[in-house]
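Residue numbering for the sequence shown follows UniProt numbering, beginning at 7 and increasing consecutively.
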Amino acid sequence: AAQSYELLTVENVPAYIAGRPALARLVDPATIRRVREVGDGNMNLVFAVETQGGPGVVLKQSMPYVRVDPEWPITPDRNRIEARVLAVHGEVAPGLVPALYDVDEERHVMALEDLSDHRVWRGLLNEGHRNEGVAADLGGYVARVAFGTSIFGLGAEAHKAAVAAAVNPELCEITEDLVFTEPYIEHEHNRILPANEADVAAYAGDPAVRTAIGMAKIAFMTHAEALIHGDLHTGSVLVRPEAPGAPRSTRAFDVEFAFYGPVGFDIGALWGNYVLAAARGFALGDEEHAAWVLGLAGETWDAFEREFTALWPERVDPRVYGDGVLAAYLARVRADAAAYGAAKAARRVIGFSRVTDIETLPEDVRAKAIRGVLHAARHLLTAPPTPSVFDGVGGLLAAATA
Ligand code: SR1
Ligand code: MG
């Protein structure tokens, strides 16, 4: 893809900072001690800048293509879109996303709070750490965004303007393809172990699964409920465990896939990634860790419901949106989350963009974990969407990985 602006490098970052007054005020270029390229996501360049004795900063730059596949063009304007969403989420959910310091729309760079004392949650889960409270923090984050950016928090007119200002068609198309389409068709992106061919055929070929996925895709594309994160997997969460003198800190980051969509998609992304982490635990014989991970689904949900319900009295227009609406709305979000959780887990074991929870397992163990994930996904998509539907997941994962 054609590129008309200079990309950042470890070498040119200090000069870049010196040329941005808002940044140079924050980070004196003369004190820069080290610049590291730390991006390990699929999409962007990320640099961590350390200084002598002062705060550091993180720079995130978007190229006009996907980082892991330069032949795949994608708008670099995703950087501006992400920065805008980060500002909105920082308003409605303070302390739960990184602070935004600067946005450069010409070179598609944003400057963010240095969170190098945090770690990506997926890595912590893979290592067997049990960071209490993180799943609930994230339920609270989703609730604050779900309420604050919705018709309930904004009212009709502001909600319409916000929907119009937040369209993100290219990134949404990636999700539409990678999550809802490619795993269900023959596609060059799909990678299936010989031992899992029958499992994938049984899952993706089940008419009930296909109908549920089709319906979930329609809702994803048309239910403009709130300015959702859009990619809230455990690799999009930074955690600083509680330590003497430092409280726990949980931050959702990488909001470039944000758009006005169904709230259940964010809860479901977390649930789907809990399924993947638990499948790893069962496959490695650590049933205790797997059970703890599966308990996170209830913690996220309970915190979401608690926070959303606490915000409910502030809603715009209680004449129509009474408490019956609250109960019905929450029930629908939970049912949506089950379907999206399934879709998000299944895509990570069939299609493009895999996760370390599964990929770092030895092949024979991995095949069992994938089988468990597909059984769990099929259950979440096809069982009646009762409040306890997630309770069936543990048995299916355990049986497949025994
Ligand atoms: C082109 S790869 C896109 C994927 O990476 C992100 O993590 C999202 O999950 C997206 O589907
Ligand atoms: Mg990401």
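Ideal Cβ positions, reconstructed from N, Cα and C, are used throughout, including at glycine.
Same chain only: Cβ atoms within 6 angstroms of arginine 321, ignoring 5 sequence neighbours per side:
Answer for arginine 321: Phe158 and Tyr327, listed in chain order.
Just checking aspartate 237 against the ligand MG - is the residue's beta carbon closer than 6 angstroms to any of the ligand's heavy atoms?
yes
Starting from threonine 407 and walking both ways along the alpha helix (DSSP H), at which residues does that stretch end?
399-407
Let me check you understand the geometry: is the CB of aspartate 260 closer than 6 angstroms to at least one non-hydrogen atom of the ligand MG?
yes
For the ligand SR1, is there any heavy atom lying closer than 6 angstroms to the beta carbon of leucine 184?
yes
Kindly indicate which residue of Val72, Ala341, Leu29 and Ala252 has the alpha-carbon position closest to the one of methionine 221.
Ala341
Would you call the stretch 275-290 and the stretch 373-391 in contact, with 3 or more CB pairs under 8 angstroms?
yes
Scan the stretch 274-347 and note each continuous alpha helix (DSSP H) run of 4 residues or more that stays entirely inside, going in chain order.
293-317
Please tell me whether valine 109 and phenylalanine 53 are closer than 7 angstroms, where the distance is taken between their beta carbons.
For valine 109 and phenylalanine 53, no; Cβs fall outside 7 angstroms.
Per DSSP, which one or two residues make a beta bridge with valine 115?
Gln67 and Asp110
Between alanine 24 and the rest of its own chain, which residues show a CB-CB distance below 6 angstroms, the 5 nearest in sequence each way excluded?
Shown here for alanine 24: same chain residues with a beta carbon closer than 6 angstroms to its own, the five before and five after excluded, namely Ala30 and Pro35 in chain order.
Give me the residue from Asp329, Gly301 and Ala214 with the minimum Cα distance to phenylalanine 314.
Shortest Cα-Cα distance from phenylalanine 314 to any of Asp329, Gly301 and Ala214 involves Asp329.
Between the Cα of glycine 378 and the Cα atoms of Thr392, Ala389 and Ala408, which residue gives the shortest distance?
Per the Cα distances, Ala408.
Taking the runs of the alpha helix (DSSP H) that are 4 residues or longer, which of them lie wholly in the stretch 173-211?
175-186 and 203-210
Can you round the beta-carbon distance between leucine 118 and proline 104 to whole angstroms, since I take them to be within the 8 angstroms contact cut?
5 angstroms
By a C-beta neighbour count over all protein chains shown, 10 Å radius and 16 as the cutoff for buried, is alanine 89 buried or exposed?
buried
For isoleucine 224, does the count of other Cβ atoms within 10 angstroms reach 16, so buried, or fall short, so exposed?
exposed
At the level of alpha carbons, what is the spacing between alanine 309 and valine 74?
35 angstroms
In this structure, does DSSP put threonine 362 in helix, strand or coil?
Helix at threonine 362.
For glycine 47, is the beta carbon positioned less than 6 angstroms from some heavy atom of the ligand MG?
yes
For threonine 155, would you say it is in contact with chain D, using Cβ-to-Cβ distances shorter than 7 angstroms as the test?
In the displayed structure, chain D is absent; only one protein chain is listed.
Can you look up glutamate 12 in the DSSP assignment and give me helix, strand or coil?
coil
Per DSSP, the bridge partner or partners of aspartate 75:
Val72
Is the beta carbon of threonine 155 closer than 7 angstroms to that of alanine 232?
yes
Is it the case that the CB of isoleucine 38 approaches a heavy atom of the ligand SR1 more closely than 6 angstroms?
no
Would you decide whether serine 10 is buried or exposed? Buried here means 16 or more other CB atoms lie within 10 Å of its CB.
exposed
Rounded C-alpha distance that separates residue 409 from leucine 282
With the chain represented from 7 up to 408, any question about residue 409 goes unanswered, as that position is not in the structure.
Within the chosen definition, does the stretch 192-201 reach the stretch 118-137 through at least 3 CB pairs nearer than 8 angstroms?
Contact between the stretch 192-201 and the stretch 118-137 is absent: fewer than 3 CB-CB pairs across the two stretches fall below 8 angstroms.
Valine 206 Cβ short of 6 angstroms to the ligand SR1 heavy atom set
no
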